[in-house]
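Residue numbers (the numbering used here), protein chains in the order written: chain A, 28 to 130; chain B, 11 to 243. Each remark here refers to the structure printed beneath this line.
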Amino acid sequence: MTHEEIYVYIAIMSAVTLAVKILPLTLIRTEIKNVTLRSFLYYVPYVTLAVMTFPAIVYATQSEISGALALVAGIAAAWFGASLFRVAVICCVVVFLSELILI
Amino acid sequence: MTAENRQAFREGIRDGVPIALGYFVVSFTLGILARYVGLTPFQGFLASFLNNASAGEYVGFALMALKAPYFEIAAMVFIANARYILMSAVMSQKFSPDTPFYHRIFVGFDVTDEIFGITIAREGWLNPFYNYGAMLVALPGWSVGTALGIIAGNILPAAAVSALSVALYGMFIAIIIPPARKDKVVSVAVVVSFVLSFVAGEFFSEISAGTRTIFLTLVIAGAAAVLYPVEKK
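What follows is the structure, encoded as structure tokens:
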């Protein structure tokens with residue numbers, strides 16, 4: 028593959044990605060009044076992030092058990108009000124420590 | 011910069027640090043793939059700086075390796091990134107009418123799963139300077155990580171990669187659990203999402219994870235919106 032070809036590919040990828048990310052933000056400039064559509068957009072973040080988290084977190088680690096433990100620990104920490112950063116660190120530490128035994 | 015914007019900028023950097031760390035690990039492995047495809051460190055940096063999308067870039071690099079037609083790479087990158095249409099639409103509603111238009115372009119430039127997550131976790135109107143703070147650390151974490159992956163190949167120990175690979179999921183958990191605790195409908199939606207995501211992964215594994223995410227989001231958030239519409243505050 029020549030360098031020109033690679034740059035053309037990168038240009039196409041980037042144009043598509045940036046259009047997807049920027050167009051809705053710039054085209055939808057007024058408040059959406061429709062209650063159903065508003066409610067849909069309200070639920071979207073939680074549903075999307077939940078779908079992406081499980082079961083992916085279980086398969087991300089070397090052992091499925093350590094991933095599952097991280098999930099449980101993260102939910103417990105977040106439930107009791109731990110910050111974003113702290114929850115992320117707790118999940119990492121749980122995986123690291125549990126894999127010392129599991130792996 | 012006003013004092014309020016400076017404060018938001020600082021908070022953005024603070025919340026961006028764990029994102030950057032998680033990005034670094036993921037993009038490092040992306041760089042290993044890019045190296046195999048034949049990208050230089052600069053090309054990897056450029057692709058990651060402009061795309062900042064894990065699945066989209068994986069698909070793009072993999073198709074480059076196959077010398078796929080341009081249309082095909084455009085279509086596949088679109089599918090891999092289509093969930094950002096929803097996220098961008100959600101964020102459009104967080105903008106105050108007083109915020110200048112150009113901020114929408116710059117904030118849109120770096121819509122990612124994680125930055126979307128921390129943005130919607132904040133109350134009130136979106137302050138673009140919060141996003142800029144997060145971007146300031148997250149974007150280099152992602153693009154420099156890709157370049158270093160191309161240069162260095164696989165040098166991180168497996169135990170470190172494994173532990174750090176849950177950092178981004180930990181952030182997602184921290185974003186969805188507090189509202190789920192307060193709002194019963196959200197908590198049910200989260201549990202249903204977990205269950206259906208697992209079921210979809212088991213029975214429709216030939217469909218890409220990105221497409222499954224879009225489909226499940228449309229169905230579950232759609233059902234919640236119809237059954238439990240949210241009254242305007």
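Note that the Cβ used here is the ideal one computed from N, Cα and C, for glycine as well.
Would you kindly report the start and end of the unbroken alpha helix (DSSP H) that includes B:Y94? Position 84 of the second sequence holds residue 94 of chain B. Per DSSP, B:Y94 belongs to the alpha helix (DSSP H) from 93-102.
I want to verify the contact list: residues of chain A whose CB lies under 7 angstroms from the CB of B:D25, in sequence order. Taking the second sequence and counting its residues from 1, one reaches residue 25 of chain B at position 15. Neighbours of B:D25 on chain A, chain order: L111.
With a threshold of 7 angstroms on Cβ separation, who are the neighbours of A:A95 within its own chain once the five nearest residues in sequence on each side are excluded? Here residue 95 of chain A refers to the residue found at position 68 when the first sequence is read from its first residue. Sequence-distant partners of A:A95 (beyond 5 residues in either direction) whose C-beta falls short of 7 angstroms from its own C-beta, in its chain, are V85.
So with Cβ pairs under 8 angstroms, would you call B:L136 a contact of chain A? Position 126 of the second sequence, counted from the first residue, corresponds to residue 136 of chain B. It does not: the Cβ of B:L136 has no partner Cβ on chain A nearer than 8 angstroms.
Inter-residue CB distance, B:A18 and B:N137 (contact presumed, cutoff 8 angstroms): Counted from its first residue, the second sequence places residue 18 of chain B at position 8. Counted from its first residue, the second sequence places residue 137 of chain B at position 127. Contact holds; Cβ gap of about 4 angstroms.
Taking the Cβ atom as the reference point for each residue, do A:S41 and B:L60 lie within a distance shorter than 8 angstroms? Indexing the first sequence from 1 puts residue 41 of chain A at position 14. Indexing the second sequence from 1 puts residue 60 of chain B at position 50. Going by C-beta atoms, A:S41 is nearer than 8 angstroms to B:L60.
Check B:I42 in the structure and name its three-state DSSP category. Counting from 1 along the second sequence, the entry for residue 42 of chain B is found at position 32. Helix at B:I42.
Would you mind telling me which residues of chain B sit closer than 8 angstroms to A:L129, beta carbon to beta carbon, in chain order? Taking the first residue of the first sequence as position 1, residue 129 of chain A is located at position 102. Under a criterion of Cβ atoms nearer than 8 angstroms, no residue of chain B is adjacent to A:L129; the nearest Cβ is some 10 angstroms distant.
Among the residues of its own chain, which have a CB less than 6 angstroms from the CB of B:G256, if the five just before and after it don't count? With chain B covering only 11 through 243, there is no way to say anything about residue 256 of chain B.
Against chain A, does B:R20 count as a neighbour if the rule is that its beta carbon must be under 8 angstroms from one of theirs? The count along the second sequence starts at 1 and reaches residue 20 of chain B at position 10. Output row for B:R20: interface = no.
Run the CB neighbour count on B:N62, radius 10 Å, all protein chains shown included, and call it buried at 16 or more, exposed below. In the second sequence, counting from the first residue as 1, residue 62 of chain B sits at position 52. The C-beta of B:N62 has 16 or more other C-beta atoms within 10 Å across all chains shown, which makes the residue buried.
In chain A, which residues lie less than 9 angstroms from B:Y94 when you measure between Cβ atoms? Taking the second sequence and counting its residues from 1, the one referred to as residue 94 of chain B is at position 84. Within chain A, the residues near B:Y94 are T44, V47, K48, P51.
Restricting to Cα atoms, I'd like to know which of B:A170, B:S197, B:D123, B:P79 is closest to A:W106. Stepping through the first sequence from its first residue, residue 106 of chain A is reached at position 79. The residue among B:A170, B:S197, B:D123, B:P79 with its C-alpha nearest the C-alpha of A:W106 is B:S197.
Closer than 8 angstroms to chain A by CB, B:L149: The sequence position of residue 149 of chain B within the second sequence is 139, counting from 1. Taking Cβ atoms only, chain A never reaches closer than 8 angstroms to B:L149, which makes this a no.
Nearest residue (CA-CA) to B:G180, options B:I89, B:I128, B:V117, B:A85: To locate residue 180 of chain B, count along the second sequence from 1; it is residue 170. For B:G180, the nearest C-alpha among the options comes from B:I128.
Please report whether the beta-carbon of A:I117 lies at a distance below 8 angstroms from any beta-carbon of chain B. On the first sequence, residue 117 of chain A is found 90 positions in, with the first residue counted as 1. With 8 angstroms as the cut-off, A:I117 counts as an interface residue toward chain B.
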